[in-house]
Amino acid sequence: MYTIQNNSEEKVFTVRFSGRLDALAVQGMVEVIQSEILENEFDSDTKIVFDLEDVNYIASAFIRACVSVAKQTTLGNFCIVNCQPIIKKTFKIAGLDEVLKVN
Amino acid sequence: MADHLSEKVNNLMDRALLSAAEFNQFSQEQTDTVVDAAFRAGFNNRVRLAKMAWEETGIGVWEHKVIKNVLATQLVYESIRDGKTVGVLSSDPVTGITEIAHPLGPVLAVIPVTNPTSTTLFKILLCLKTRNPLILSTPHSASKCCAEAARLCYEAALEAGAPEDCIQVIRSGNREVTQMLMGHPKVALILATGGTGLVRAAYSSGNPAVGVGPGNVPVLIDESADITLAVRNIVQSKTFDNGTICASEQAVVVTESIELAVAEEFRKQKCCFLDPEETRKLEKVAVSSETGTMSPFIVGQPVQVIAAKAGLTVPEDTRILIVRPGGIGKEYPLSVEILAPILAFYTAKDYTSAVNLCIDLNYLGGIGHSAGIHATDKKRIMEFSELMNAGRILVNQPTSQGAVGYFYNRLAPSLTLGCGTGGKNITTDNITAKNLINIQRVTTCQPNAAWSGFDQAMYLDETLGAGEILKEYYREF
Numbered sequence: 000m001y002t003i004q005n006n007s008e009e010k011v012f013t014v015r016f017s018g019r020l021d022a023l024a025v026q027g028m029v030e031v032i033q034s035e036i037l038e039n040e041f042d043s044d045t046k047i048v049f050d051l052e053d054v055n056y057i058a059s060a061f062i063r064a065c066v067s068v069a070k071q072t073t074l075g076n077f078c079i080v081n082c083q084p085i086i087k088k089t090f091k092i093a094g095l096d097e098v099l100k101v102n
Numbered sequence: 000m001a002d003h004l005s006e007k008v009n010n011l012m013d014r015a016l017l018s019a020a021e022f023n024q025f026s027q028e029q030t031d032t033v034v035d036a037a038f039r040a041g042f043n044n045r046v047r048l049a050k051m052a053w054e055e056t057g058i059g060v061w062e063h064k065v066i067k068n069v070l071a072t073q074l075v076y077e078s079i080r081d082g083k084t085v086g087v088l089s090s091d092p093v094t095g096i097t098e099i100a101h102p103l104g105p106v107l108a109v110i111p112v113t114n115p116t117s118t119t120l121f122k123i124l125l126c127l128k129t130r131n132p133l134i135l136s137t138p139h140s141a142s143k144c145c146a147e148a149a150r151l152c153y154e155a156a157l158e159a160g161a162p163e164d165c166i167q168v169i170r171s172g173n174r175e176v177t178q179m180l181m182g183h184p185k186v187a188l189i190l191a192t193g194g195t196g197l198v199r200a201a202y203s204s205g206n207p208a209v210g211v212g213p214g215n216v217p218v219l220i221d222e223s224a225d226i227t228l229a230v231r232n233i234v235q236s237k238t239f240d241n242g243t244i245c246a247s248e249q250a251v252v253v254t255e256s257i258e259l260a261v262a263e264e265f266r267k268q269k270c271c272f273l274d275p276e277e278t279r280k281l282e283k284v285a286v287s288s289e290t291g292t293m294s295p296f297i298v299g300q301p302v303q304v305i306a307a308k309a310g311l312t313v314p315e316d317t318r319i320l321i322v323r324p325g326g327i328g329k330e331y332p333l334s335v336e337i338l339a340p341i342l343a344f345y346t347a348k349d350y351t352s353a354v355n356l357c358i359d360l361n362y363l364g365g366i367g368h369s370a371g372i373h374a375t376d377k378k379r380i381m382e383f384s385e386l387m388n389a390g391r392i393l394v395n396q397p398t399s400q401g402a403v404g405y406f407y408n409r410l411a412p413s414l415t416l417g418c419g420t421g422g423k424n425i426t427t428d429n430i431t432a433k434n435l436i437n438i439q440r441v442t443t444c445q446p447n448a449a450w451s452g453f454d455q456a457m458y459l460d461e462t463l464g465a466g467e468i469l470k471e472y473y474r475e476f
């Protein structure tokens, strides 16, 4: 469901998700990712990126998880990339596309 | 206090928006699985919820509330089950137009105290079918039964894969929250079933709204009618849930030629005609002298309770109290809408006068709602129908069970009956799933052959009139 790539040189921490991110799939995922971010003790320049290229469905639980992780980072350092149109639209309907910097 | 409420409202809306975002991704099959689960949960608890509603509100008859719950679940489900509400609805190769369904977004659903669990179940099924999360605003004196209906459906829907927060409930006493929600910019639609004040608030909120109107339903028994059947229908309708359906008959109008026969039939059906003094006593308890509208106490109360309150002595088994107001208007309090087993009775000298009386009644606080006629004369049925300002004309059937649809006709089963502009509503529809989707039309390029082949410079010649231009415009056809 997800893989993590930590590029410490370029200071980019990428989580690449795939498949259907329904409520069940999201369970426990957030805590793991947040722990990883905490453990790495990133500085304020590090970008946290969620890559959703291979994602075809997101539950409201996943959107909440994105908000939760975004709050953990320094302002402006969280973004979501490579969304399929339906996923982008989902963030748009939720009114969170700008806040979460959905590209 | 205001900050606390504001936070509560924003919280509700944030959750509703996330739910809407997730719901938008659902396929028809996923949607229908959720709807099926909610239907079963509601239907399977129809009796318990009906009893809860009756115990909590003290209004109506619990056995009839079971039937309302059946309408709201089984019949509504039957009417919407196979309907398409996701993706392509239709595609016409001739016009080149394809229609696609989109959800509206979060719906604020206001529930009336007269039909609490049934309207809750009804709105839940419609909103789930159309992928619109709903926030239910429940009445103070029916909050528990509504919340329970919502809980049952929500748990079943979640189990079936529905998005979190597809159903949320504002508990009682939170009128301020409801008002704030009405005006919230993220509310997609207000589905307002309730009194005039509520509906006006909904339409004034700045958000799209679908409301209802009051009904002062006149019913004409024509000379051509089967009188026994007509009276039986009226009694069945007016006693249903003690007259709480807004489409119930409020006044019966007959001509002199059949007055005695009709009155006799009502008496056979255990209805009691009150004399003038008894009528005056009833007026005092049934209608507020301040507002001129029905008193809240009277709504859905049985005859015996009403009679006792008014100091009337009527036979124990009386089913309806019938009065002859003598006129129509503010000076005749019992000529207004009264959601109780009280019926006004008018006699006209002939058919034309009878119809005129019905028009007066129709326009006394019930424009756009419903009207009834019992007749076999088809010409009179159509004449009457064309003259009434009513979204529903029920012919030879009870108006309560008739107007809500599916029991006696093929009207969409609904507990939200639009009254059109006369009732200050946007539609005369029986509200159903098709009213809760945005339809998008994709159109392929299909040039208008007449337009393409026409020399548009002719339009600039002001000496040419419609005759000349249209002759040239359609020369090829």
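As they're listed, the protein sequences go chains A and B.
For the record, in the first sequence the residue sitting at position 55 is 54 according to numbering that gives the first Met the number 0, with numbers rising by one throughout.
For the record, in the second sequence the residue sitting at position 10 is 9 according to numbering that gives the first Met the number 0, with numbers rising by one throughout.
Glycine included, every Cβ here is placed at the ideal spot set by N, Cα and C.
Treat the numbers as computed from the prediction; the structure is a model and nothing was measured.
Cβ pair residue i, residue j closer than 8 Å
i	j	result
residue 347 of chain B	residue 218 of chain B	no
residue 29 of chain A	residue 69 of chain A	no
residue 327 of chain B	residue 359 of chain B	yes
residue 432 of chain B	residue 110 of chain B	no
residue 198 of chain B	residue 50 of chain B	no
residue 234 of chain B	residue 318 of chain B	yes
residue 191 of chain B	residue 105 of chain B	no
residue 156 of chain B	residue 306 of chain B	no
residue 298 of chain B	residue 339 of chain B	yes
residue 1 of chain A	residue 19 of chain A	no
residue 183 of chain B	residue 8 of chain B	yes
residue 365 of chain B	residue 390 of chain B	no
residue 324 of chain B	residue 333 of chain B	yes
residue 103 of chain B	residue 119 of chain B	no
residue 65 of chain B	residue 124 of chain B	no
residue 67 of chain B	residue 117 of chain B	yes
residue 54 of chain A	residue 80 of chain A	no
residue 230 of chain B	residue 261 of chain B	yes
residue 388 of chain B	residue 361 of chain B	yes
N-terminal and C-terminal residue of the beta strand (DSSP E) that residue i is part of
i	result
residue 135 of chain B	133–136
residue 1 of chain A	1–6
residue 369 of chain B	367–373
residue 102 of chain B	96–102
residue 16 of chain A	11–20
residue 174 of chain B	Run containing residue 174 of chain B: none in the beta strand (DSSP E); it sits in the alpha helix (DSSP H), 174–181.
Host alpha helix (DSSP H) of residue i (start-end)
i	result
residue 115 of chain B	115–128
residue 232 of chain B	226–237
residue 72 of chain B	Careful: residue 72 of chain B lies outside any alpha helix (DSSP H) and carries neither H nor E.
residue 472 of chain B	465–472
residue 362 of chain B	350–362
residue 268 of chain B	First-last for residue 268 of chain B: undefined, no H or E at that position.
residue 56 of chain B	45–56
residue 13 of chain B	1–22
residue 303 of chain B	302–309
Exposure label - residue i; buried when at least 16 CB within 10 Å
i	result
residue 442 of chain B	exposed
residue 90 of chain B	exposed
residue 398 of chain B	buried
residue 458 of chain B	exposed
residue 147 of chain B	buried
residue 150 of chain B	exposed
residue 350 of chain B	buried
residue 436 of chain B	buried
residue 98 of chain A	exposed
residue 89 of chain A	buried
residue 295 of chain B	exposed
residue 496 of chain B	Limits of chain B in this structure are 0 at one end and 476 at the other, which puts residue 496 of chain B out of reach.
residue 368 of chain B	buried
residue 446 of chain B	exposed
Margin query: Check whether the stretch 22–32 of chain B and the stretch 84–91 of chain A touch, using three or more Cβ-Cβ pairs below 8 Å as the test.
Written below: Contact between the stretch 22–32 of chain B and the stretch 84–91 of chain A is present, because at least three Cβ pairs lie under 8 Å.
Margin query: Counting beta carbon pairs with one atom in the stretch 261–272 of chain B and one in the stretch 240–247 of chain B, are three or more of them shorter than 8 Å?
Written below: no
Item checked: Validate contact between the stretch 175–184 of chain B and the stretch 86–98 of chain B using beta carbons, cut 8 Å, 3 pairs -> Counting Cβ pairs under 8 Å, fewer than three are found: no touch.
Notebook entry, point to check: If you pair each beta-carbon of the stretch 215–232 of chain B with each one of the stretch 367–385 of chain B, do three or more pairs fall below 8 Å?
Noted result: yes
Note to self: What are the residues in the stretch 283–300 of chain B lying within 8 Å of chain A by C-beta distance?
What the structure shows: none
Checklist line | Chain-ordered residues of the stretch 7–20 of chain B with a beta carbon less than 7 Å from chain A | finding: 16, 17, 18, 19 and 20
Next item on the list: Give the residues from the stretch 49–79 of chain A that approach chain B closer than 8 Å (Cβ to any Cβ), ordered along the chain.
Entry: 56, 57, 58, 59, 60, 62 and 63
Next item on the list: Quick one: which residues of the stretch 0–28 of chain A get their C-beta closer than 9 Å to a C-beta of chain B? List them in chain order.
Entry: 21 and 22
Check: Touch check for the stretch 182–191 of chain B and the stretch 405–412 of chain B: three-plus C-beta pairs under 8 Å?
Finding: no
Next item on the list: With 9 Å as the limit, tell me which residues of the stretch 160–175 of chain B have their beta carbon closer than that to any beta carbon of chain A; keep them in chain order.
Entry: 160, 162, 163 and 164
Margin query: Beta carbons nearer than 8 Å to chain A: which residues of the stretch 183–197 of chain B have them?
Written below: Answer in chain order: 185.
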